[in-house]
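Chemist: Residue numbers (the working numbering): 394 to 904. My questions will all concern the structure given below.
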């Protein structure tokens, strides 16, 4: 396992680790190595494929909406029933999307396959309008897209198309087909072009909209993919239309597209989603890096801010602004490709997530994932998330099954043992991070598979917080009671390093 030195106060952490727990090298015996012959192995299949899933709860049920007019419902976030699928006038999700005018497709037209693309919806309830609102995009090329919205009286629909609100990929010849000139004068629209083409290095591809309410009850939309990056606009709760801001180049605010949040210059940043947590006071910005194919290095990244419109920073305090030539070091990498010993098939390309905080305070991460099975088959996945001591979010290593709880009140001997450890790193690649065995000794040391001392660990029984120092890298997270996809009971550590890396360690509780 390769660990990257971040050069941050590691000596002080060791002092805290030893001082708090009173551990010494002579304390307690080394745990017995588990016999993995009794380990159950499986590949979880939920049977529902929802790409770019957006989650919402209504009347005690959980709904996800995804690309290609797919929707599904669940009463427990574990078992899902497909409701709708397929881009067709016969799909009951919409009432008028394919009427004679087909206004959602007037500008973008047909895609390269001769059909119509309806991607990445997000559904939210608007109490001011008394309507469920769906924001979605239609597209035909890598930059020619638009964001539309529709409304419904019931969460399952049917949704009635209302209007198209944001356009991208226009040229001097096609800008008249958009609403850009309603908000930017003729002189100002020149900023959107380079060599008489749409400048997608600076301006967004108008796809992947998602909505959230801030602490003051204001409604916002984040959107964008690759191209010029991620942007944010406030919406008028009375109408659902954007509130186009005054221009402020110094703050990255454009009068049409809104405020620039992250990415640009065609770096692979997309699928933005903002979750506000009243408990921490933070707005969490999730994005996906890489390409969505199984070997494309797709992965989930995380930033946070005290303000809905940013700036959003990562664990190191960095933003992903346009000055960053390479984006892979920035943003907490929550997960990428990975595998544990109990997996028959590795997870590949997890990404384009949404998230929610349930009434009981539990936080859930919802995303699609592919697999190391030689195909592009994908499925829906739901995971618990937990708050760290410094107000970040970490994800469970396993799909949600109702067993996940913070592990409090354990002795150090109960925590110690053989853990299978993954450092997700910050790379964007097709490499699968396969768990490697490490011994967490009762004396608070960590040894790798060759018996070499590679760091230390400590655990706070009252909170479940875990502190690691591994190869010079400081990490903080939680110890969690979990059950893996094969049904093995486990203790799991989910932590974040100061260098934006997610670290998972799993101890199988075998007989």
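For each residue, glycine too, the CB sits at the ideal point set by N, CA and C.
Residue 759 and residue 446 - do their beta-carbons sit closer together than 8 Å?
Modeler: yes
Chemist: Considering only the beta carbon of each residue, do residue 602 and residue 491 sit closer than 8 Å?
Modeler: no
Chemist: How about residue 443 and residue 457: are their beta carbons less than 8 Å apart?
Modeler: yes
Chemist: Can the beta-carbon of residue 656 be found closer than 8 Å to that of residue 683?
Modeler: no
Chemist: So for residue 921, helix, strand or coil by DSSP?
Modeler: Summary: the structure shown does not reach residue 921, with the chain confined to residues 394 through 904, and so no result is reported for it.
Chemist: So, under 8 Å CB-CB, residue 831 and residue 812 are touching, yes? Tell me the CB distance rounded to an integer number of Å.
Modeler: 5 Å
Chemist: Relative to the C-alpha of residue 652, which residue among 702, 663, 673, 670 is closest?
Modeler: 702
Chemist: Any idea what DSSP makes of residue 798, helix, strand or coil?
Modeler: strand
Chemist: Spatial neighbours of residue 848 within its chain, please: C-beta separation below 7 Å, excluding the five flanking residues on both sides.
Modeler: 839, 861, 862, 863, 864
Chemist: Please go through the same chain and pick out, in chain order, the residues whose beta-carbon is closer than 8 Å to the beta-carbon of residue 468, but skip the five residues on each side of it.
Modeler: These residues qualify, in order along the chain: 453, 454, 455.
Chemist: Indicate whether residue 509 and residue 544 have their beta-carbon atoms separated by less than 8 Å.
Modeler: no
Chemist: From the DSSP secondary-structure annotation, give me the bridge partner or partners of residue 635.
Modeler: 628
Chemist: Which residue wins for smallest C-alpha separation from residue 359, given the options 565, 766, 600?
Modeler: In the structure as shown, the chain begins at 394 and stops at 904. Residue 359 is therefore absent and cannot be evaluated.
Chemist: Assuming the contact rule is C-beta atoms closer than 8 Å, residue 786 and residue 677 should be a hit. Round their C-beta distance to whole Å, please.
Modeler: 6 Å
Chemist: Checking the sheet assignment: what are the DSSP bridge partners for residue 615?
Modeler: 603, 625
Chemist: Take residue 548 as the anchor and find which of 563, 527, 557 has the nearest alpha-carbon.
Modeler: 527
Chemist: Does the separation of the CB atoms of residue 437 and residue 735 fall below 8 Å?
Modeler: no
Chemist: Let's test the definition: count the other Cβ atoms within 10 Å of the Cβ of residue 464 and tell me whether it reaches 16, buried, or not, exposed.
Modeler: buried
Chemist: Which residues in the same chain as residue 888 place their Cβ atom closer than 7 Å to its Cβ, once the five residues preceding and following it in sequence are excluded?
Modeler: 787, 859, 861, 868, 869, 870, 896
Chemist: Hey, how far is the Cα of residue 696 from the Cα of residue 690?
Modeler: 19 Å
Chemist: Could you tell me the distance, in whole angstroms, from the CA atom of residue 563 to the CA atom of residue 709?
Modeler: Going by C-alpha positions, residue 563 is about 37 Å away from residue 709.
Chemist: Taking the alpha-carbon of residue 807 as reference, which of 429, 766, 778, 872 has the nearest alpha-carbon?
Modeler: 872
Chemist: By the DSSP assignment, the alpha helix (DSSP H) with residue 777 in it spans what residues?
Modeler: Note, residue 777: premise wrong, no alpha helix (DSSP H); beta strand (DSSP E) at 771-780.
Chemist: Could you name the residues that DSSP lists as bridge partners for residue 810?
Modeler: 833
Chemist: Note down the Cα distance separating residue 542 from residue 631, rounded to an integer number of angstroms.
Modeler: 14 Å
Chemist: Exposed or buried, which one is residue 555 when buried takes at least 16 other CB atoms within 10 Å?
Modeler: buried
Chemist: I need the DSSP call for residue 895, collapsed to helix, strand or coil.
Modeler: Strand, per DSSP.
Chemist: Do residue 619 and residue 662 have their CB atoms nearer than 8 Å?
Modeler: Going by C-beta atoms, residue 619 is nearer than 8 Å to residue 662.
Chemist: For residue 558 versus residue 634, is the C-beta distance shorter than 8 Å?
Modeler: Yes, Cβ-Cβ distance for residue 558 and residue 634 is below 8 Å.
Chemist: Is there contact between the region 763-776 and the region 791-798, where contact requires at least three CB pairs shorter than 8 Å?
Modeler: yes
Chemist: Cβ of residue 721 within 8 Å of Cβ of residue 707?
Modeler: no
Chemist: At which residue ranges does the region 461-516 contain complete beta strand (DSSP E) runs of 3 or more residues, listed in the order of the chain?
Modeler: 463-467, 474-477
Chemist: Which ranges would you report for the beta strand (DSSP E) in the region 716-776 if only whole runs of at least 3 residues count?
Modeler: 725-728, 740-750, 756-764
Chemist: For the beta strand (DSSP E) that contains residue 544, what are its first and last residues?
Modeler: Taken as a continuous stretch (DSSP letters only), the beta strand (DSSP E) holding residue 544 covers 538-545.
Chemist: Tell me the DSSP secondary structure of residue 902 in three-state form.
Modeler: coil
Chemist: Considering Cα atoms alone, identify which of 899, 576, 538 is closest to residue 733.
Modeler: 899
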